[in-house]
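**Student:** I have a structure I would like to understand better, so I am pasting it below and will then ask my questions one at a time.
2 protein chains.
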Amino acid sequence: MSPDDKPHSDSESLLVDPSTHMESFRRTRHNRRTELVEDYVELIADLIEDGGEARQVDIALRLGVAQPTVAKMLKRLAADGYIQQRRYRGIFLTDIGKQLAEQSRERHHIVESFLCAIGISIETARIDAEGIEHHVSPETLEAFKRFVTQTIAFS
Amino acid sequence: MSPDDKPHSDSESLLVDPSTHMESFRRTRHNRRTELVEDYVELIADLIEDGGEARQVDIALRLGVAQPTVAKMLKRLAADGYIQQRRYRGIFLTDIGKQLAEQSRERHHIVESFLCAIGISIETARIDAEGIEHHVSPETLEAFKRFVTQTIAFS
DNA sequence: TTTCTAACATAGCCCTGGCTATTCTTCCAT
DNA sequence: ATGGAAGAATAGCCAGGGCTATGTTAGAAA
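Chains as they are written, first to last, in the working numbering: chain W, 96 to 250; chain B, 96 to 250.
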């Protein structure tokens, strides 16, 4: 087998090495699994703060899904210890639920502010932030925060 | 019922109106469905360019999934017209497959460059870009591109 | 108090994207 | 020419996150 039979070894390849590549995808898949939880918890916190309660119908309406979908998800959230439920009654965030909500909310806010700071319209920023926030590592979040602060300082 | 029983009407609420909110989530859910396709097509293009062929085992290795998972996904890609398959033979991108790959690759590259430009380490940029790229709207992508260009111009 | 409605709970379905285990094919090396 | 190994296909399982249809409950209105 001549050297040309195999992919270029290192230099000129546009592909990173397989295990690194794999790590990125694994991480991304993991994030995908946690995003829904974060979305729910964040939304529940907002609804409670805003209207005193978080009803399934409201959650369903804002998420754009059917009520039973929400019900099923809430069971999972309860099982995972993020919320407390009483049959036919409201939903309450547990301490770790509140903690996660606060974290998500802050991250969400930073991402959205950042997008605005680089000149994105508020409508687009809102939509993109919803998708992006879950894939932002602590390091990137820090950078976003710095950038927003600087931009405000200059204006 | 006093005015306080209902959520604040407009001004002081931290929640956007429900239908806007819903749109964001719907969009995000839609993106999630297309990300996998983009990841595959982009990876296939890279593998072909890099080594002349895209084998299931290599795709599986880089994606961090099992080979049958890849096989199943490839059927979907073929059904959707992105690739052509010949049993026990290689995979080829169709024209629209190539087009999608090119688009994804460019977007991916812009996002990664952008993250680097704001000071993220290359390792983190790689991982975050993998997750973020699928949630970047055309408007945001434009802004990223502008930013990268400017940054390079100043250096 | 009774009734009726809005909200919640449950059942049962579908599709997607993972997995393991197993059965072909190909193709290289003997 | 053939046997074996590596890669691809297939079968069959699971969990997650959607859905519709339907039963239950709480609480307001009559």
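Using N, Cα and C, we set each Cβ at its ideal position, and we do this for glycine too.
State the beta-bridge partners of phenylalanine 187(B) as determined by DSSP.
**Tutor:** On the second sequence, residue 187(B) is found 92 positions in, with the first residue counted as 1. For phenylalanine 187(B), which the question treats as bridged, DSSP gives the partners Gln179(B).
**Student:** Between which two residues does the alpha helix (DSSP H) containing leucine 169(W) stretch?
**Tutor:** The residue given as residue 169(W) occupies position 74 in the first sequence. From DSSP, the alpha helix (DSSP H) with leucine 169(W) extends over 162 to 174.
**Student:** Quick one, which residues of the stretch 149 to 166 of chain B are near chain W if we go by CB-CB under 7 Å, in chain order?
**Tutor:** Leu156, Arg157, Leu158, Gly159
**Student:** Looking at chain W, is there any beta carbon in it that lies within less than 7 Å of the beta carbon of alanine 173(B)?
**Tutor:** Taking the second sequence and counting its residues from 1, the one referred to as residue 173(B) is at position 78. Not an interface residue.
**Student:** Which residue comes first and which comes last in the alpha helix (DSSP H) that contains glycine 226(B)?
**Tutor:** In the second sequence, counting from the first residue as 1, residue 226(B) sits at position 131. Looking at the DSSP string, the run of the alpha helix (DSSP H) that includes glycine 226(B) is 217 to 227.
**Student:** Would you mind sorting leucine 188(W) into buried or exposed? The rule is 16 or more other CB atoms within 10 Å of its CB.
**Tutor:** Your numbering for residue 188(W) matches position 93 in the first sequence. Leucine 188(W) comes out buried.
**Student:** Contact defined as beta carbons within less than 8 Å: I believe arginine 202(W) pairs with leucine 236(W). What is the distance between those atoms, to the nearest angstrom?
**Tutor:** If you number the first sequence from 1, residue 202(W) lands on position 107. If you number the first sequence from 1, residue 236(W) lands on position 141. Between leucine 236(W) and arginine 202(W) the Cβ distance is about 6 Å, and since that is below 8 Å, they are a contact.
**Student:** Which whole-angstrom value is the C-beta distance of threonine 195(W) and glutamate 133(W), which I expect to be below 8 Å?
**Tutor:** Sequence index remark: in the first sequence, residue 195(W) carries index 100 (1-based). Sequence index remark: in the first sequence, residue 133(W) carries index 38 (1-based). Note that residue 195(W) is leucine in the sequence shown here, rather than threonine. The Cβ separation is near 7 Å, so the contact holds.
**Student:** Using a Cβ-Cβ cut-off of 6 Å (strictly less than) and excluding sequence neighbours within five positions of serine 208(B), which residues of its own chain qualify?
**Tutor:** Translated into positions along the second sequence, residue 208(B) becomes position 113. Cβ neighbours of serine 208(B) beyond the five flanking positions: Val243.
**Student:** With 16 as the cutoff for other CB atoms within 10 Å, does phenylalanine 249(W) come out buried or exposed?
**Tutor:** Translated into the one-based positions of the first sequence, residue 249(W) becomes position 154. When all chains shown are included, phenylalanine 249(W) counts as exposed.
**Student:** What in chain B is Cβ-close to glutamate 133(W), meaning under 9 Å?
**Tutor:** For the purposes of this step, residue 133(W) is identified with residue 38 of the first sequence, where counting begins at 1. None at all; the shortest Cβ gap to chain B is about 12 Å.
**Student:** Let's test the definition: count the other Cβ atoms within 10 Å of the Cβ of threonine 115(W) and tell me whether it reaches 16, buried, or not, exposed.
**Tutor:** Residue numbering aside, residue 115(W) sits at position 20 when the first sequence is read from its first letter. It is exposed - the Cβ of threonine 115(W) has fewer than 16 other Cβ atoms within 10 Å.
**Student:** Less than 7 Å separating the beta-carbons of leucine 110(W) and aspartate 145(B)?
**Tutor:** For the purposes of this step, residue 110(W) is taken as the residue at position 15 of the first sequence. For the purposes of this step, residue 145(B) is taken as the residue at position 50 of the second sequence. In contact: leucine 110(W) and aspartate 145(B) (Cβ atoms closer than 7 Å).
**Student:** Which residues bound the alpha helix (DSSP H) around isoleucine 213(B)?
**Tutor:** Within the second sequence, numbered from 1, the residue matching residue 213(B) stands at position 118. Isoleucine 213(B) -> no alpha helix (DSSP H), and no H or E assigned at all.
**Student:** Check the C-beta distance from glutamate 130(W) over to histidine 229(W) and give it rounded, since I have them as a contact under 8 Å.
**Tutor:** Here residue 130(W) refers to the residue found at position 35 when the first sequence is read from its first residue. Here residue 229(W) refers to the residue found at position 134 when the first sequence is read from its first residue. Rounded, the Cβ-Cβ distance is 4 Å, consistent with contact.
**Student:** If we ignore side chains and look at the alpha-carbon of each, how far apart do tyrosine 177(W) and serine 232(B) end up?
**Tutor:** As a position in the first sequence, residue 177(W) is number 82, starting the count at 1. As a position in the second sequence, residue 232(B) is number 137, starting the count at 1. Roughly 32 Å separates the two Cα atoms.
**Student:** Taking C-beta pairs closer than 8 Å, name the residues in chain W that valine 111(B) reaches, listed in chain order.
**Tutor:** To locate residue 111(B), count along the second sequence from 1; it is residue 16. The answer, in chain order, is Arg221.
**Student:** Indicate whether at least one CB of chain B lies closer than 7 Å to the CB of serine 232(W).
**Tutor:** Along the first sequence, read from residue 1 onward, the residue named residue 232(W) stands at position 137. So, interface residue.
**Student:** Would you say glutamate 197(B) reaches chain W, if we count a Cβ-Cβ gap shorter than 7 Å as a contact?
**Tutor:** Position 102 of the second sequence, counting from 1, holds the residue named residue 197(B). Using beta-carbon distances, glutamate 197(B) does not count as an interface residue toward chain W, since no partner is under 7 Å.
**Student:** When the distance is taken between beta carbons, is isoleucine 213(B) closer than 7 Å to alanine 238(W)?
**Tutor:** Reading the first sequence from its first residue, position 143 is the one you call residue 238(W). Reading the second sequence from its first residue, position 118 is the one you call residue 213(B). Against a cut-off of 7 Å, the Cβ pair of isoleucine 213(B) and alanine 238(W) comes out as a contact.
**Student:** On the three-state DSSP scale, how would you describe aspartate 112(B)?
**Tutor:** Translated into positions along the second sequence, residue 112(B) becomes position 17. Three-state DSSP puts aspartate 112(B) in coil, outside helix and strand.
**Student:** Taking the alpha carbon of glutamine 180(W) as the reference point, which residue from Glu225(W), Leu156(W), Ala161(W), Glu148(W) has its own alpha carbon closest?
**Tutor:** In the first sequence, residue 180(W) corresponds to position 85, counting from 1. Nearest option by C-alpha distance: Glu148(W).
**Student:** For cysteine 255(W), tell me which candidate among Ala174(W), Thr246(W), Ile191(W) has the shortest Cα-Cα distance.
**Tutor:** There is no way to answer for residue 255(W), as the model of chain W reaches only from 96 to 250.
**Student:** Quick one: give me the first and last residue of the alpha helix (DSSP H) that arginine 150(B) is part of.
**Tutor:** Within the second sequence, residue 150(B) is the residue found at index 55, counting from 1. Premise fails: arginine 150(B) is in no alpha helix (DSSP H) and is neither H nor E.
**Student:** Terminal residues of the continuous alpha helix (DSSP H) containing valine 243(B)?
**Tutor:** Counting from 1 along the second sequence, the entry for residue 243(B) is found at position 148. 233 to 249 is the span of the alpha helix (DSSP H), which, as asked, contains valine 243(B).
**Student:** Under 8 Å Cβ-Cβ, which residues of chain B neighbour phenylalanine 187(W)?
**Tutor:** For the purposes of this step, residue 187(W) is taken as residue 92 along the first sequence, with counting starting at 1. Those within 8 Å of phenylalanine 187(W) in chain B number zero; the least Cβ separation is about 18 Å.
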